[in-house]
Each structure stands twice: as structure tokens, then as C-alpha cells.
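Enquirer:
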Ligand SMILES: N[C@@H](CCC[C@H](N)C(=O)O)C(=O)O
């Protein structure tokens, strides 16, 4: 079987995009996705994203497999890449500058901006413990700045769902965090029944946060869009940042806003095509 693909990245968070508009079922299995994502024996990527037909009045659907083959509900950098990929697939027949995308986290709306970036209406954050999900607090309450013991240390964490689970902790210096050791301990901690993404945040000033991330199912990545959104929400909930801020990631910057008017999150950042191929 031959699969055609296009490689994209959003701030170094890289994905293999597959034109799956012919069917609602992904053309490849999670096992093949693992092999494609392998950086030594495959193409190399943090995940595989499928552009599927729309459902329930949407233009298209998105599904994604992480590099470990698990399926997350949403991917922020990935949906910007998907919007750019769809523009490429539609070519001159493209009729509008935004798409309504059906995801496992609900309908998400990426819009292409005049300066070549993609601005995404990411929907509203979910804050109840049962929505994240985490068992660190009773289901109907929020997890804001609660202590959690990991690696002989007490971390104060805030939990936010952007459709997928995030655990955020504020630190003095992100560069000093041993991500490859501590990240897996957060991801697999029993208080996170569906595992978790973990963001370590240094507040440079109220409109500038520095972030490093350990992603569920992918490990250390250069950027995480849903993680940047969740981190801004956590910063606001802890009175550490403004409702609009630049999130500085190892791969570059994202602009995130938690709008006062509609309580929705807006993320703006790039999506870059790398190459195309057949496997
Ligand atoms: N990198 C993504 C998030 C991808 C999914 C994540 N690993 C999960 O399992 O939830 C982003 O940009 O949001």
C-alpha cells in the first residue's frame, strides 16, 4: 500500500498530514502511524493528522494519532497545519478563509489571516475536575494551585481541559526542569485517569509566559497549541498574567487570548509546509 502525505509543522511541532477526504475512517492504523512518526526508521513527526469529510454541518473533520499511536481529542498546532493543508488541497476552488472542523473536542474554527498565519477559535476551556479529567479534587470543583507530590517534590498544579487534558505548574526557571525525567511521572500519575499533557511555565511578565511541555503520547515537543491555551487560562486563574499574552515556546511564539466577551480562547500562530512524499 502506498500512502501520500505532506509534512507540516507549527513552531516545530511536526505532523504528517494525510488527505482522507474519501472516508470517515483513517486510511492507516495507529501501528502504521507509530512507524511513520519514528525519527530514525520513518518520516519523523509528533503525530499523524487526517483530513476527513465534515460531519454535522462542518466543512471537514480532523483526527490525529500521537506518535505513540494514542488518539487525542484535539491538537492546536495541528489544526493550524490542517487549515493550511486544506487550502493546498482545495487550490483555486477555495471559497472561504475559514473552516469549521469537527474534532473529538467539538467544532473548532481556524481562519487564515492576511499575513499568512492561522487564527483559531479554540472554544471555551473546561475547568471542572471531572471534565479534565483528574481525581485530585471532587468532580464538580476546579483544580487551581493544588499540591501534588511527584519525584520527592511538591508541585502546585492547575488543571485545564482544552478538549484534551492539561496540568500546568508555574516555576522560577523553565530551563532547569528535567522534563525527560519528571514529564512521564506527571503523564502517568494515577490522579490523571486519561494521562495528561504537562506544561511548565515561567512568568516573564503578565503578557509574556515562557513554556516547556511534556506531551501525552509524544513526550518533549517544541510547541503545544492546546498547552499554550491551557497555560494562559491557568495564569489568569492564578492572577499571574493578562487575558492576552505571548507564549514563548522552544519552537517560537504563539499569541493567546481568553476573550472577556465570549469566554472563548483565540490562538494565533504559523503553519508551515515542509515537504511532500509517498510511503
Ligand atoms: N501538540 C498538540 C497536542 C497534541 C495532543 C496531545 N499530545 C494529547 O495527547 O492531548 C497541540 O499543539 O495542541
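Residue numbers (the working numbering): 254 to 532. Quick reminder that beta carbons are idealized off the backbone N, C-alpha and C, glycines included.
Could you give the distance in angstroms between the alpha-carbon of residue 243 and the alpha-carbon of residue 350?
Expert: The structure shown has nothing for residue 243, since the chain only spans 254 to 532.
Enquirer: DSSP has residue 309 in a bridge; who is on the other side?
Expert: Partner(s): none; residue 309 has no beta bridge.
Enquirer: Less than 7 angstroms separating the Cβ of residue 299 from some heavy atom of ligand 1?
Expert: The closest heavy atom of ligand 1 lies less than 7 angstroms from the beta carbon of residue 299.
Enquirer: When you compare the CB positions of residue 409 and residue 388, do they come within less than 8 angstroms of one another, or not?
Expert: no
Enquirer: Relative to ligand 1, is the shortest distance from any of its heavy atoms to the C-beta of residue 503 smaller than 7 angstroms?
Expert: no
Enquirer: Please report the distance separating the alpha-carbon of residue 448 from that of residue 469.
Expert: 7 angstroms
Enquirer: If distances are taken between C-alpha atoms only, which option among 427, 352, 405 comes closest to residue 305?
Expert: 352
Enquirer: Give me the residue from 506, 471, 299, 440 with the minimum Cα distance to residue 370.
Expert: 506
Enquirer: Can you list the residues near ligand 1, meaning Cβ strictly closer than 7 angstroms to any non-hydrogen atom, in the order they appear in the chain?
Expert: Checking every Cβ against the heavy atoms of ligand 1 under 7 angstroms gives 263, 266, 299, 300, 317, 319, 323, 325, 326, 327, 328, 329, 330, 331, 417, 418, 450, 468, 469, 470, 471, 474, 476, 477, 478, 479, 480.
Enquirer: Name the two residues that bound the continuous alpha helix (DSSP H) containing residue 287.
Expert: 283 to 290
Enquirer: Can you have a look at residue 463 and say buried or exposed, based on whether 16 or more other CB atoms are within 10 angstroms of its CB?
Expert: Classification of residue 463: buried, given that the 10 Å Cβ count is 16 or more.
Enquirer: Can you list the beta strand (DSSP E) stretches of 3 or more residues lying completely in the segment 357 to 418, in chain order?
Expert: 359 to 365, 371 to 374, 399 to 403, 406 to 414
Enquirer: Going by DSSP in three states, residue 498 sits in which element: helix, strand or coil?
Expert: strand
Enquirer: Residue 510: which of 378, 333, 396 sits nearest, CA to CA?
Expert: 378
Enquirer: Whose C-beta lies closer than 7 angstroms to the C-beta of residue 490 among residues of the same chain, with five residues either side of it excluded?
Expert: 397, 411
Enquirer: When DSSP builds the beta bridges, which residues end up paired with residue 435?
Expert: DSSP lists no partner for residue 435.
Enquirer: In the DSSP assignment, find the unbroken alpha helix (DSSP H) run with residue 485 in it and report its ends.
Expert: 478 to 490
Enquirer: Helix, strand or coil for residue 295 per DSSP?
Expert: coil
Enquirer: So the candidates are 515, 458, 500; which of them puts its Cα closest to the Cα of residue 522?
Expert: 500
Enquirer: Please list the terminal residues of the continuous beta strand (DSSP E) segment that includes residue 269.
Expert: 266 to 272
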